[in-house]
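First comes the structure, then the notes that go with it.
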Amino acid sequence: MTDNGFLRGRLLLVAFEGWNDAGEAATGALRVLKEQLDVIVISEVDAEEYFDFQFNRPNVVVDDDGKRVLEWPGATFSGPDVTAGDRSDGSNVYLLIGSEPSRNWRSFTAEVMATVLAEEITGIVLLGAMLADVPHTRPISVFSTSENPLVRSELDIERSTYEGPVGILSVIADAAESAGIPTVSIWASVPHYVHNAPSPKATLALVEKIEELIGLPIERGELIDESTAWESGIDALAGEDDDMAAYIRQLEQARDTVDSPEASGEAIAQEFERYLRKRGDGGRGDGRAGGDGRPDEPWRRD
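Residue numbering for the sequence shown follows the UniProt record's numbering, starting at 1 and increasing by one per position.
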């Protein structure tokens, strides 16, 4: 593990389905990690207290024995299995995965924080994914921010400047910082024009960022092949739709302008003004991130 101060203690990684999870990228990344860690369930929230089942409906699934069973929305807190033999890798990693609650956010957050304090968690990493004006043909943009000045200095990351509506991740982050537990938020940008399907490419980008951050090797499994197939599938759709293909080319041009070594701040601004004029909306009124995928509005979703 890294020698960084924030990362030396017990880390909780958090992701929620719903508003914070475009393309199921954030929860997908933590599920990949969960499969590789020796973790056991520490606690589960009471679904009746926090979820509206007309909004977050239970699902019928077939279990390993071939029986049809109900899976209810909820949130599960997992941690290291102290009975496992070798705990040298990932022994400081805890996971909180679930659905964003429908109600009683303050009570939900208090319950989460009670477990955080009981398990002596010293740092929290919150994962999210947002819809953005970005092309699927370019690398997925992943940005990290923190409200904690020491963590920002240690990890060389920025503080978010966003103001506006937030999801449960921000509420948990605020409670943690108030309790003296530093947090880092990591967000991936998902092309908005493919928002109805899971995005393995965004999941892979978050997995790579987690590995970079916590210094724990994570096997990719089938993610690389799935990402390639996802991109090829969108290419095929764009090949049959001239308007979609033209729109993607505009996004590529905007992204390449931002990424070019010679791009200045003024040139970037001019490029995006031109791009927005061509779209005809004069600005981002849809709540998505900008053409570079940068989360200046990291928790806004369509």
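Glycine included, every Cβ here is placed at the ideal spot set by N, Cα and C.
Supposed close pair residue i, residue j - CB separation, criterion 8 Å
| i | j | result |
| --- | --- | --- |
| ILE124 | VAL14 | 6 Å |
| PRO198 | GLY28 | 7 Å |
| SER185 | THR122 | No, SER185 and THR122 are not in contact; Cβ-Cβ is about 17 Å, not under 8 Å. |
| LEU12 | VAL166 | Not really, about 19 Å apart at Cβ, beyond 8 Å. |
| ALA129 | TRP187 | 7 Å |
| SER189 | ALA229 | At roughly 20 Å, the Cβ-Cβ gap does not stay under 8 Å, so SER189 and ALA229 are not in contact. |
| ASP52 | SER107 | Going by Cβ atoms, the distance from ASP52 to SER107 rounds to 15 Å, so no, they are not a contact pair. |
| TYR50 | ASN104 | 5 Å |
| GLU120 | ARG220 | Their Cβ separation, rounded to whole angstroms, is 31 Å, which puts GLU120 and ARG220 out of contact at 8 Å. |
| ILE218 | ILE224 | Their Cβ separation, rounded to whole angstroms, is 12 Å, which puts ILE218 and ILE224 out of contact at 8 Å. |
| THR161 | ALA173 | Incorrect: roughly 15 Å between the Cβ atoms, too far for contact. |
| LEU126 | LEU169 | 5 Å |
N- and C-terminal bounds of the beta strand (DSSP E) containing residue i
| i | result |
| --- | --- |
| SER99 | 93 to 99 |
| VAL116 | Counting along the chain, VAL116 falls outside any beta strand (DSSP E), though it belongs to the alpha helix (DSSP H) covering 105 to 118. |
| ALA75 | 75 to 80 |
| GLY233 | No beta strand (DSSP E) holds GLY233; the alpha helix (DSSP H) holding it covers 223 to 239. |
Residue i to residue j span [Cα, whole Å]
| i | j | result |
| --- | --- | --- |
| GLU208 | ALA25 | 12 Å |
| GLY215 | ARG8 | 11 Å |
| LEU213 | ASN196 | 29 Å |
| GLY23 | LYS201 | 9 Å |
| ARG249 | GLU226 | 23 Å |
| ASP86 | TYR94 | Below a pLDDT of 50, predicted positions are generally treated as unreliable, and ASP86, at 46, falls in that range; no measurement from the model is reported. |
| GLU48 | TRP72 | 10 Å |
| ASP259 | GLU252 | 10 Å |
| VAL241 | ASP65 | According to the sequence shown, residue 241 is Asp rather than Val. Near 44 Å, if we compare the C-alpha coordinates of ASP65 and ASP241. |
| GLU100 | THR109 | 11 Å |
| THR137 | ASP21 | 20 Å |
| LEU143 | SER153 | A small correction: the amino acid at residue 143 is Phe; Leu does not occupy that position in the sequence shown. Roughly 15 Å separates the two Cα atoms. |
| GLU147 | GLU177 | 8 Å |
| ILE181 | PHE6 | 10 Å |
Residue i - containing alpha helix (DSSP H), residue span
| i | result |
| --- | --- |
| LEU251 | 242 to 259 |
| GLY28 | 25 to 34 |
Interface flag, residue i vs chain D, CB-CB below 7 Å
| i | result |
| --- | --- |
| GLU163 | Among the chains in the structure shown there is no chain D, since it carries only a single protein chain. |
- Task: Write down every uninterrupted run of the alpha helix (DSSP H) in the region 144 to 208 whose length is 4 residues or greater and which is fully enclosed by it, in chain order.
- Result: Counting whole runs of 4 or more residues, the region 144 to 208 contains the alpha helix (DSSP H) stretches 149 to 155 and 168 to 178.
- Message: Count Cβ pairs between the region 73 to 81 and the region 29 to 41 that sit closer than 8 Å; are there 3 or more?
- Response: Output reads yes: the region 29 to 41 touches the region 73 to 81.
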